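Structure first, then comments.
In our numbering, the protein residues as written are 63 to 202.
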């Protein structure tokens, strides 16, 4: 009687520990997250990855079908980088709600709970009240 093969080992579960505090050497889990624009080197790396992805898609495309169509490459206004901080290194809640400049040094302990940049203005809020659509005449 043949001996069955042992079951393969289960793949390790992904780490449940997410990104840590952005302050070097801080190992406390983050409590606050905000966004900033990418620096030039980060943006160049992101665009290089996107170009590589497009090149791979074109190389793998079936020549009997139309080639893949891609939109424009991302710009720095299209990309946001997440920044994380623990409670001790967090910026204020009002600042965390805004998009920061690429050169923002937050969370810099020297300027907390603030930052060294002028964040982008928040988007205009949606109108709270929209006029209701008129009801059909036979509903009156």
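The C-beta atom is built at its ideal place from N, Cα and C for all residues, glycine as well. Just so we're clear, the structure is a prediction, and the values are computed from it rather than from any experiment.
Nonlocal neighbours in the same chain, by C-beta distance under 7 Å from residue i, ignoring five residues either side
i: residue 92; result: 81, 82, 83, 146, 147 and 148
i: residue 151; result: 83, 85, 88, 169, 171 and 174
i: residue 111; result: none
Proximity of residue i and residue j at Cβ, strictly below 8 Å
i: residue 138; j: residue 99; result: yes
i: residue 101; j: residue 164; result: yes
CA-to-CA distance, residue j to residue i, given in whole angstroms
i: residue 141; j: residue 131; result: 21 Å
i: residue 197; j: residue 186; result: 30 Å
i: residue 177; j: residue 95; result: 14 Å
i: residue 90; j: residue 179; result: 25 Å
i: residue 200; j: residue 188; result: 32 Å
i: residue 117; j: residue 125; result: 14 Å
i: residue 184; j: residue 113; result: 31 Å
i: residue 166; j: residue 106; result: 18 Å
i: residue 123; j: residue 115; result: 12 Å
Nonlocal neighbours in the same chain, by C-beta distance under 6 Å from residue i, ignoring five residues either side
i: residue 154; result: 175
i: residue 162; result: 98, 179 and 181
Residue-level contact to chain C via CB, residue i, 8 Å cutoff
i: residue 194; result: No chain C appears in this structure, which consists of one protein chain only.
Expected contact under 8 Å - CB spacing of residue i and residue j to nearest Å
i: residue 160; j: residue 182; result: 6 Å
i: residue 108; j: residue 134; result: No, residue 108 and residue 134 are not in contact; Cβ-Cβ is about 14 Å, not under 8 Å.
i: residue 120; j: residue 129; result: 6 Å
Reference residue i; option with closest CA among the options
i: residue 104; options: 125, 144 and 121; result: 144
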